[in-house]
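The sequence shown begins at 767 in my numbering and counts up by one.
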Amino acid sequence: MLAWFTTDEGAAPGMADRLIEDLAMDLRAQGLAVAGAIQRNLDLGPDCACDMEIVVLGDPGAPLRISQSLGPGAQGCRLDTAALEEAVARTAPHLDGAGLIVIPKFGRQEAMGRGFRDLIGRAAADGQPVLLYVPRQQQQAFQDFAGDLALRLPPEGLRDWCLDRFAALS
């Protein structure tokens with residue numbers, strides 16, 4: 767089962783990342799087996815793009831910076847795809863035995879068959895519930911990928927859905 771959500775068009779930047787992080791950390795604090803990864807966006811000031819990092823849940827290593835500085839006025843994608851792939855590789859060993867997998871998002875890389883896409887598919891094939899954010903621009907690619915395994919939830923319904931998954935394990 768893949769549960770996903772999106773945010774309103776006017777939502778604050780990074781809201782989805784904070785929502786997933788807060789939920790994952792709260793569930794882990796309750797002793798629930800949550801694995802996966804979360805994204806943090808580090809504010810660098812009003813005239814600078816944020817730094818993006820991935821924290822792998824359960825991994826003692828430092829967060830991985832997945833953004834690169836392209837300099838002032840740059841228009842290209844700031845994602846460091848090699849760092850994202852390293853984050854995926856560091857996440858995979860922590861999935862066994864987890865009652866819930868959280869993934870930051872199904873973004874452009876996943877839509878192109880990269881990033882967390884294979885990990886998401888493997889977890890779902892193994893019967894592990896996966897929770898993730900899907901930006902509006904990637905919704906069709908996600909639906910094509912997930913098919914009838916996907917359940918769209920409102921942001922306010924995420925916690926209950928997660929707790930229901932753990933209750934079903936008992």
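Every residue gets a Cβ at the ideal spot worked out from N, C-alpha and C, and that includes glycine.
8 Å contact criterion, which residue i and residue j should meet: CB distance rounded
{"i": "Ile804", "j": "Ile786", "result": "6 Å"}
{"i": "Leu830", "j": "Phe932", "result": "Their Cβ separation, rounded to whole angstroms, is 28 Å, which puts Leu830 and Phe932 out of contact at 8 Å."}
Span separating the alpha-carbon of residue i from that of residue j
{"i": "Leu919", "j": "Phe771", "result": "5 Å"}
{"i": "Gly780", "j": "His860", "result": "25 Å"}
{"i": "Gly863", "j": "Ala801", "result": "9 Å"}
{"i": "Val900", "j": "Ala828", "result": "26 Å"}
{"i": "Arg806", "j": "Ala934", "result": "30 Å"}
{"i": "Asp788", "j": "Arg925", "result": "10 Å"}
{"i": "Ala769", "j": "Gly923", "result": "10 Å"}
{"i": "Asp774", "j": "Met767", "result": "23 Å"}
Burial state of residue i, where buried means 16 or more other Cβ atoms lie within 10 Å
{"i": "Ala782", "result": "buried"}
{"i": "Leu793", "result": "buried"}
{"i": "Pro826", "result": "exposed"}
{"i": "Gln894", "result": "buried"}
Between the stretch 870-886 and the stretch 900-914, are three or more C-beta pairs nearer than 8 Å?
yes
Sequence ranges, alpha helix (DSSP H) only - wholly within the stretch 829-893, length at least 4
847-857, 874-877, 883-891
Kindly confirm or deny that the stretch 881-894 and the stretch 847-857 touch, where touching means at least three C-beta pairs closer than 8 Å.
yes
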